[in-house]
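J.: Reading the sequence shown from the start, the letters are residues 420 to 680 in this note's numbering.
Shown below is the structure under consideration.
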Amino acid sequence: MVMAWRRSLWLAALALAFSAFAGSGHAGESERVQAEKSQPDKPLGVVELFTSQGCSSCPPADAFFAELANKEDIVALAYHVDYWDYLGWKDTLSQKENTERQNDYMRAFGSRSVYTPQAVINGRIHVNGANRSEVNGALARMARGGEGIRVPVKVSRTSDRVIIDAGDAGAGPSDAHVVIVYFEPPQTIKIAQGENTGRKMTYWNAVTDIQTAGMWHGKAQRYELPLSEVSKKGGCAVLLQSVGKDGMPGPILGAAFIHKP
């Protein structure tokens, strides 16, 4: 199963509180709720890049991804995989769970193999992550064709909690997992061995952990995270991602970044 759906032990630690969006209140919530930094509640799309420091084809994709990561209307997440480590350089940001997520996507897509650099767009299709026209074209095509991000997700916070408001689905699929994705801040790494020996690369939004934080059933709903938990991480995003009956990841319906205070 997808790592996000296998790591439910964190649910207690996250201490999510669920309440109906309309008319919901919180005891003592006289604190001023601060909206997150200006960001669209329905971004153009989600780009998940599967990459490796040990892959000679990845630097162009990593450079393009850095541009995507700096766009306010794109939720960009980089998953460093571990299967190229044998080439002489162990990716310092790799996680076996990232490789598992990529394999799960491939099973969901009916593909026989994985590759890098691979970009999964909105959880629906995959393209070469170094090909700007393919990535940008897929984002635009999905937005026009109703396969973009259609459920608004707004993030706000008080002094002790992060509040996630997921909107109404309208027509279409109405069940999804609320997935919290943690990632590293940008960091520059000099690669000393392997196919990219001597290169110095800055990597953005390298994923370190994914946790399933709850379920969304198509209606406006509010979720809460302890601010202390979010503040421990380099960065954080929330995805509303549908899941197949076989547990494989499906289309991403909503997404937003959760910025640190």
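All C-beta atoms, glycine included, are put in the ideal place defined by N, C-alpha and C.
Return the first residue and the last residue of the alpha helix (DSSP H) that Ser647 is part of.
T.: Leu646 to Ser650
J.: Quick check on DSSP: helix, strand or coil for Ser552?
T.: helix
J.: Can you tell me whether Ala611 is helix, strand or coil according to DSSP?
T.: coil
J.: State the start and end residues of the unbroken alpha helix (DSSP H) segment that holds Ala497.
T.: It is not in any alpha helix (DSSP H) - Ala497 instead sits in the beta strand (DSSP E) that spans Ile493 to His499.
J.: Is it buried or exposed, Ala432, if we count other Cβ atoms within 10 angstroms and call 16 or more buried?
T.: In this prediction, Ala432 has a pLDDT of 41, which is less than 50 and means its spatial position is unreliable; nothing more can be read from the coordinates.
J.: Which residues mark the beginning and the end of the beta strand (DSSP E) in which Lys515 is found?
T.: Counting along the chain, Lys515 falls outside any beta strand (DSSP E), though it belongs to the alpha helix (DSSP H) covering Lys515 to Phe528.
J.: Does the distance from the CB of Leu658 to the CB of Asp579 come in under 8 Å?
T.: no
J.: Does Val604 pass the burial test, meaning 16 or more other C-beta atoms within 10 Å, or should it be called exposed?
T.: One detail in the question is off: residue 604 reads as Pro in this sequence, not Val. Exposed, because fewer than 16 other Cβ atoms sit within 10 Å of the Cβ of Pro604.
J.: Which one of Asn615, His678 and Pro670 has the shortest CA to CA distance from Ile540?
T.: Pro670
J.: Closest to Glu516 by CA distance: which of Gly673, His636, Trp635 and Ala625 is it?
T.: Ala625
J.: Go ahead and label His596 buried or exposed: buried means 16 or more other beta carbons lie within 10 angstroms of its beta carbon, across all protein chains shown.
T.: By the 10 Å Cβ count, His596 comes out buried.
J.: Should Gly567 go down as buried or exposed, given a rule of 16 or more other Cβ atoms within 10 Å for buried?
T.: Looking at its Cβ environment, which holds 16 or more other Cβ atoms inside 10 Å, Gly567 is buried.
J.: If I follow the unbroken alpha helix (DSSP H) through Pro571, where does it start and stop?
T.: Premise fails: Pro571 is in no alpha helix (DSSP H) and is neither H nor E.
J.: Does the beta-carbon of Tyr505 have 16 or more other beta-carbons within 10 angstroms, so that it is buried, or is it exposed?
T.: exposed
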